[in-house]
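Trainee:
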Amino acid sequence: MAVMQCRPGCAACCTAPSISSPIPGMPGGKPAGIRCIQLDEHGLCRLFGDPARPAVCASLTPEPDMCGESREHAMLWLQRLELETRPAPVIGSALAPKAQNRHPPKKRVISRSTCEELPPAGISST
Ligand code: SF4
Ligand code: SF4
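Mapping of the sequence shown onto the working numbering: residues 604 to 729, in sequence order.
(1) Beta-carbon separation of Leu684 and Pro634 under 9 Å?
(2) Applying the criterion that 16 or more other CB atoms from any shown protein chain within 10 Å of the CB defines a buried residue, is Ala658 buried or exposed?
(3) So is Arg638 buried or exposed if we call it buried at 16+ other beta carbons inside 10 Å?
(4) Gln608 to Cys670, Cα distance in whole Å?
(5) In angstroms, rounded to a whole number, what distance separates the CA positions of Glu644 and Gly636?
(6) So, helix, strand or coil for Met678, using DSSP?
(7) Taking Cβ to Cβ, would you say Arg674 is nearer than 9 Å to Ala605?
(8) For Met607, report the span of its alpha helix (DSSP H) as first-last.
(9) Which residue from Asp668, Ile626, Arg656 and Arg649 puts its Cα closest to that of Gly612?
Printed below as a string of structure tokens:
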């Protein structure tokens, strides 16, 4: 079966999800919905091939469900996953009843991010 390729310039998985690992320039990690500081103007990772790149980024692989046919699809899919997998609020807090009614998060490994399959030309760190 052919391996799915990352869509050049999409960068949805470098934007929509939170990343808890330190990233150069973002020592506390990346909040959800914030573009990673290491994305260049073409939506490519400046850290590709660099050991400083978070392991979670290197392990994320494109998947049809996640990537879809457009960046908009991927952003919505990843935003939903982010909501489903964020830590449950403490029981007794105002948010607890909603959390109890929530479907359990779909088990999946967020693995890699953009640019893995992209040519390194023009990327400073590749
Ligand atoms: S792997 Fe991430 S950046 Fe690449 S096409 Fe899929 S959602 Fe977009
Ligand atoms: S792959 Fe690169 S640009 Fe994307 S989130 Fe990870 S460090 Fe940032």
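All residues carry an ideal CB built from backbone N, CA and C; glycine is no exception.
These numbers come from a predicted model, not from an experiment.
Mentor: Per the coordinate set shown:
(1) no
(2) exposed
(3) exposed
(4) 10 Å
(5) 17 Å
(6) helix
(7) Contact annotation: Arg674 and Ala605 have beta-carbon atoms that are not nearer than 9 Å.
(8) Segment: none, Met607 is in no alpha helix (DSSP H) and carries neither H nor E.
(9) Arg649
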